[in-house]
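The sequence shown runs 1 to 126 under my numbering. Glycine residues also receive a C-beta, built at the ideal position from the N, C-alpha and C atoms. Model, not experiment: these values are computed from the prediction.
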Amino acid sequence: MEYTKEELEKMLQNQELSSAELQALLKAREEGKIDFVLMDVREVFEFTDRSIKGADILLPTSQMNEKFDVLEALKEKPLVLYCRTGSRTGQVMYALRNMGFDKVVHLSQGIMGYFGETEQNAPIPS
């Protein structure tokens, strides 16, 4: 299904994304229609086991306080968060919104409910 730019932007304004919506957003980003940052908040060993193709940043929840500068640099960009099941990203999204991040959405079912393209042993994004 093809989405308009407005429909894609509206997806990024929601609190949650489905697998199909994230797949559409990744395709649109690849085509230059929209921009966002896909952030994995799981631990390194989880990322290397399986990650969503197109992940831009790996920032484990265990390191967020130490790497706040990384987050601060992304404050104006739409952030799409994902973890294993959606639990950690729900908490991270809540915390980020309380810190003034207003462009944050998460993959509601996490990578476990994602049916798009994934990778194993992908290079760790910075």
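- For E117, same chain residues with a beta-carbon under 6 Å away, outside a window of 5 residues either side, are K53 in chain order.
- In its chain, beyond the 5 residues on either side, S19 have a beta carbon closer than 7 Å to the beta carbon of F115.
- Annotation: the continuous alpha helix (DSSP H) that includes M11 extends over K5 to M11.
- Taken atom to atom, the span from the alpha-carbon of E119 to that of L17 is near 20 Å.
- Between L38 and D56 a beta carbon distance of about 5 Å is seen, short of the 8 Å cut, so the two are scored as contacting.
- For L96, the enclosing alpha helix (DSSP H) starts and ends at S87 to N98.
- S108 sits buried, since 16 or more C-beta atoms from the chains shown fall within 10 Å of its C-beta.
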